[in-house]
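Residue numbers for the sequence shown, in the numbering used here: 74 to 228. Quick reminder that beta carbons are idealized off the backbone N, C-alpha and C, glycines included.
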Amino acid sequence: MPTFSLHREQFIKQEVEEIWDFFCDPKNLAKITPRYMNFRITSAPHSGGLREGQIITYKVSPILGIPLFWMTEITQVDHLRSFTDEQKKGPYELWRHKHSFVQQADGVLMTDDVTYELPFGALGTLAHALFIKRQLNGIFDFRYKAIENMFNKER
74 MPTFSLHREQ
84 FIKQEVEEIW
94 DFFCDPKNLA
104 KITPRYMNFR
114 ITSAPHSGGL
124 REGQIITYKV
134 SPILGIPLFW
144 MTEITQVDHL
154 RSFTDEQKKG
164 PYELWRHKHS
174 FVQQADGVLM
184 TDDVTYELPF
194 GALGTLAHAL
204 FIKRQLNGIF
214 DFRYKAIENM
224 FNKER
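So, in structure tokens, the structure goes:
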């Protein structure tokens with residue numbers, strides 16, 4: 074089963090604390106996810122920031138409006154530097170998403186590194202080539218633009 078990866082970087086003209094607080098609040102995921110995904114958190118977000126072992130559940134409709142259950146666990150937290158979420162149940166065989174934040178003189182370099190595997194063997198690999206890779210890139214393109222509009226516009 075092949076393992077795929079996605080890497081994105083974005084510079085955000087804010088302090089790391091503000092960016093960290095935004096990305097550590099699961100409620101903000103809907104703000105940076107395309108509407109067609111019908112993204113909804115189904116578990117009550119934990120107040121007080123991210124913690125290792127935290128479970129978050131969602132409903133998402135990535136294909137033909139069909140709702141899918143997705144459960145992730147926060148598996149690593151390095152306050153103000155990085156956190157990792159991993160799928161426990163959902164559409165992927167493996168989904169590991171590391172979010173990293175590096176404070177620089179005039180803002181934050183945010184990096185997303187996603188490692189994922191698809192189910193269904195050769196059929197999953199074919200689906201990746203036909204539409205999944207393009208769809209994931211589209212989701213992260215949308216996310217980039219949404220973050221630009223929220224944080225990098227002149228205030």
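query	result
When you compare each of Met183, Gln177, Trp143, Pro135 to Ser155 by their alpha carbons, which one comes out closest?	Met183
Once the 5 residues before and after Pro107 are set aside, which same chain residues still bring their CB inside 7 Å of it?	Ile212, Phe215
Is the distance from the Cβ of Glu190 to the Cβ of Leu167 below 7 Å?	yes
Which residue comes first and which comes last in the beta strand (DSSP E) that contains Gln149?	141-151
What does Ser78 pair with, by DSSP beta-bridge criteria?	Thr188
Is it true that the segment 191-210 meets the segment 86-97, where meeting means three or more beta-carbon pairs spaced less than 8 Å apart?	no
My assumption, with CB atoms under 8 Å, is that Phe77 sits in contact with His201. Please give the rounded CB distance.	6 Å
Can you tell me which residues form a DSSP beta bridge with Glu159?	Glu146, Arg169
What does DSSP give as the partner residues of Gln83 in its beta bridges?	Met183
Following the continuous alpha helix (DSSP H) through Tyr217, name the residue where it begins and the one where it ends.	206-220
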